[in-house]
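One structure is given here, and the rest of the page talks about it.
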Amino acid sequence: MSIEELYNALNTGTKTSVDLVRDALETIETHDPHLNAVAEINGDAVQIAHSLDDERAHSGPRSKLHGIPVLLKDNINTTDGLLTTAGSLSLIDNHAPYEATLVKKLRKAGAIILGKTNLSEFAYFMHQKDMPSGYSSRAGQVVNPYGKDLDPLGSSTGSAVAVAAGYVPLTVGTETSGSLMAPATHTSTVSIKPTVGLVSRYGIIPISHVQDTAGPMGLSVADCAIMLEAMKGLDVDDEATMNVPGWSNNLADAIHQTIHGLKVGILIDHALSAEDQMLINELKGHLSQEGVTVKELSFEPFEHTVTPALLHEFKAGINAYLKTVQPISMTTLSDIIAFNNAHADTCLKYGQSILEAADALSGDLHSHAYLDARAQANQEAETFASLYGTHEVDAMIALSWNSYGPALGHPSIVVPAKDLTRDLHPKSFVFMGQKWSEATLIALAHFYEMKTQKRVAPPL
Numbered sequence: 343m344s345i346e347e348l349y350n351a352l353n354t355g356t357k358t359s360v361d362l363v364r365d366a367l368e369t370i371e372t373h374d375p376h377l378n379a380v381a382e383i384n385g386d387a388v389q390i391a392h393s394l395d396d397e398r399a400h401s402g403p404r405s406k407l408h409g410i411p412v413l414l415k416d417n418i419n420t421t422d423g424l425l426t427t428a429g430s431l432s433l434i435d436n437h438a439p440y441e442a443t444l445v446k447k448l449r450k451a452g453a454i455i456l457g458k459t460n461l462s463e464f465a466y467f468m469h470q471k472d473m474p475s476g477y478s479s480r481a482g483q484v485v486n487p488y489g490k491d492l493d494p495l496g497s498s499t500g501s502a503v504a505v506a507a508g509y510v511p512l513t514v515g516t517e518t519s520g521s522l523m524a525p526a527t528h529t530s531t532v533s534i535k536p537t538v539g540l541v542s543r544y545g546i547i548p549i550s551h552v553q554d555t556a557g558p559m560g561l562s563v564a565d566c567a568i569m570l571e572a573m574k575g576l577d578v579d580d581e582a583t584m585n586v587p588g589w590s591n592n593l594a595d596a597i598h599q600t601i602h603g604l605k606v607g608i609l610i611d612h613a614l615s616a617e618d619q620m621l622i623n624e625l626k627g628h629l630s631q632e633g634v635t636v637k638e639l640s641f642e643p644f645e646h647t648v649t650p651a652l653l654h655e656f657k658a659g660i661n662a663y664l665k666t667v668q669p670i671s672m673t674t675l676s677d678i679i680a681f682n683n684a685h686a687d688t689c690l691k692y693g694q695s696i697l698e699a700a701d702a703l704s705g706d707l708h709s710h711a712y713l714d715a716r717a718q719a720n721q722e723a724e725t726f727a728s729l730y731g732t733h734e735v736d737a738m739i740a741l742s743w744n745s746y747g748p749a750l751g752h753p754s755i756v757v758p759a760k761d762l763t764r765d766l767h768p769k770s771f772v773f774m775g776q777k778w779s780e781a782t783l784i785a786l787a788h789f790y791e792m793k794t795q796k797r798v799a800p801p802l
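The sequence shown begins at 343 in my numbering and counts up one residue at a time.
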């Protein structure tokens, strides 16, 4: 059921929040032993649901999310007894002393924090050469519900799989350079990666203060837009939120915004199979009929040297974060590396080359080495972003995700593009825009989604 349908069912008494929580727990108990998407469950969830049912009966719902169970990626602080570990056994004693701002906002909206999802350890910024997506020393390997041999991709793997498998209607993931987009594309789910600054990052284990953001994952654009609206907002604890041009637009209403008159570029960045061409032709047809000007843009992808900048940002960020959650065993990145080495049998199944490379740097974000690395990453990303101006398009759409937009903090939305009744290999369109273009992207993505309805649930 959609969030709108659940909202109506809860208001009419057809469903209760206790029902939703118990159904979610039963589904997790049934399917998660082989999908491994959930790291931890909130033992107070049923009690919280009872309280929210009573509140609804006496004073009405706080929002569309009132009494809706959601799951959070295990790099987001909560103070409800749940751990915040980034999937690492080195942080297994991290009962955070404060909540992430986005968690406070979700609770204020009445959402029930059901638990934490598994992820690629340290948001896939630990050891990428041989380490599969979705693996963490804390909780093991996330499995794609569309096939155990299909890579779940990215780092928000547990959040994506939990939605795809129907555990909960919405989850929260995070992205630095593709970790919302990538898992959504491989699990036939929807994700909205907002412009950096729209959602506060305070209380999230960081990689990059330049690129990090949290975003909603769900089964529809409308559902994700509802969650994004609840999560967004100014926060004195996150300087990036000070750069938002305005807060007045309700993003949940953007699905009703007209797309007539927009100009959109269809990005052709790889050799197209017959299936890919069919999907693109279908997309172009629907958009054109709605009065959208559509043009194909040929683009040759190039290597994006963003990792050097991220290494500097990660060391500075993780060391600063650890100071805020004391007293715990780990006080610095060096401590984490030493802990992993001392417990190599359980913590270093694949290695930690990225952690070591970051720790070898100074962590000084005023150094020439860092500033030069960030400038190069941004300059390369601007080469891609120049396509918006060169071709005078409001948005671009592609059958693949890339790292250029995230380097500049740009938003994106992933929507399933392929009917999986023929084979269980998901494909999705990625709707991309420049900063603060969320409303336009939501309108475009929702229109396409409603016209095509491509998602097919996995064969659990």
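C-beta atoms are modelled at their ideal positions from N, C-alpha and C, and glycine is treated no differently.
Using only the alpha-carbon positions, how far apart do residue i and residue j sit?
{"i": "S742", "j": "L522", "result": "13 Å"}
{"i": "T443", "j": "A613", "result": "43 Å"}
{"i": "E638", "j": "E517", "result": "27 Å"}
{"i": "N419", "j": "Q619", "result": "43 Å"}
{"i": "H710", "j": "H654", "result": "11 Å"}
{"i": "F641", "j": "D595", "result": "33 Å"}
{"i": "M584", "j": "L540", "result": "9 Å"}
{"i": "T794", "j": "D472", "result": "37 Å"}
{"i": "G508", "j": "A351", "result": "18 Å"}
{"i": "K796", "j": "H528", "result": "14 Å"}
{"i": "L348", "j": "G557", "result": "21 Å"}
{"i": "Q607", "j": "E632", "result": "Checking the sequence, you will find Gly at residue 607 rather than Gln. Answer to the nearest angstrom: the Cα atoms are 15 Å apart."}
{"i": "D647", "j": "S745", "result": "The amino acid at residue 647 is misidentified as Asp; the sequence shows Thr. Going from the Cα of T647 to the Cα of S745 covers about 10 Å."}
{"i": "Q721", "j": "I546", "result": "27 Å"}
{"i": "P511", "j": "S704", "result": "42 Å"}
{"i": "K450", "j": "G409", "result": "11 Å"}
{"i": "W778", "j": "D554", "result": "15 Å"}
{"i": "I568", "j": "E371", "result": "27 Å"}
{"i": "D765", "j": "V798", "result": "10 Å"}
{"i": "K760", "j": "S430", "result": "35 Å"}
{"i": "P536", "j": "H752", "result": "7 Å"}
{"i": "S550", "j": "T513", "result": "22 Å"}
{"i": "P487", "j": "L802", "result": "7 Å"}
{"i": "L576", "j": "V552", "result": "17 Å"}
{"i": "T499", "j": "G560", "result": "13 Å"}
{"i": "V634", "j": "A717", "result": "35 Å"}
{"i": "I679", "j": "D579", "result": "28 Å"}
{"i": "Q394", "j": "R404", "result": "Per the sequence shown, residue 394 should be read as Leu rather than Gln. Distance between the alpha carbons of L394 and R404 is about 9 Å."}
{"i": "T354", "j": "E571", "result": "24 Å"}
On the three-state DSSP scale, how would you describe residue i?
{"i": "L774", "result": "The sequence shown places Met at residue 774, not Leu. Residue state, collapsed to three classes: strand."}
{"i": "T372", "result": "helix"}
{"i": "E638", "result": "strand"}
{"i": "S676", "result": "helix"}
{"i": "Q718", "result": "helix"}
{"i": "Y746", "result": "helix"}
{"i": "V606", "result": "strand"}
{"i": "L652", "result": "helix"}
{"i": "Q389", "result": "helix"}
{"i": "K415", "result": "strand"}
{"i": "L738", "result": "In the sequence on display, residue 738 carries Met and not Leu. Residue state, collapsed to three classes: strand."}
{"i": "G500", "result": "helix"}
{"i": "Y663", "result": "helix"}
{"i": "V514", "result": "strand"}
{"i": "I434", "result": "coil"}
{"i": "V631", "result": "A small correction: the amino acid at residue 631 is Gln; Val does not occupy that position in the sequence shown. It is helical."}
{"i": "Q619", "result": "helix"}
{"i": "S471", "result": "A small correction: the amino acid at residue 471 is Lys; Ser does not occupy that position in the sequence shown. Note: K471 maps to coil in three-state DSSP."}
{"i": "L381", "result": "The sequence given here places Ala at residue 381; Leu does not occur at that position. Here A381 sits in strand by DSSP."}
{"i": "K458", "result": "strand"}
{"i": "M584", "result": "helix"}
{"i": "I410", "result": "coil"}
{"i": "V563", "result": "helix"}
{"i": "G355", "result": "coil"}
{"i": "Y349", "result": "helix"}
{"i": "S479", "result": "coil"}
{"i": "I670", "result": "coil"}
Pull up the CB-CB distance for residue i and residue j, whole angstroms please, since I reckon it's below 8 Å.
{"i": "A787", "j": "L707", "result": "With a Cβ gap of about 35 Å, A787 and L707 do not count as contacting."}
{"i": "L762", "j": "S530", "result": "6 Å"}
{"i": "A785", "j": "I601", "result": "5 Å"}
{"i": "D422", "j": "N384", "result": "6 Å"}
{"i": "V505", "j": "L456", "result": "Not a contact, Cβ separation roughly 12 Å."}
{"i": "F681", "j": "S432", "result": "4 Å"}
For the ligand GTP, is there a heavy atom less than 8 Å away from the beta-carbon of residue i?
{"i": "T356", "result": "Ligands displayed in this structure: none; no statement on the ligand GTP is therefore possible."}
Is there at least one Cβ from chain B nearer than 9 Å to residue i's Cβ?
{"i": "H602", "result": "Although the question refers to chain B, the structure presented lacks it and comprises just one protein chain."}
Count the C-beta pairs between the region 731-740 and the region 692-700 that are closer than 8 Å, then say yes if the count reaches three, no if not. Touching, no, given that fewer than three Cβ pairs across the two stretches are closer than 8 Å.
To test your reading of the DSSP string, which unbroken beta strand (DSSP E) runs of 3 or more residues are found completely within the region 516-556? For the region 516-556, whole beta strand (DSSP E) runs of length 3 or above, ordered along the chain, are 532-535.
Touch check for the region 673-689 and the region 718-729: three-plus C-beta pairs under 8 Å? Of all C-beta pairs linking the region 673-689 to the region 718-729, fewer than three are shorter than 8 Å, placing the two stretches out of contact.
Closer than 8 Å is the cut-off here; do at least three beta carbon pairs connect the region 397-407 with the region 352-361? At 8 Å Cβ cutoff, the stretches touch.
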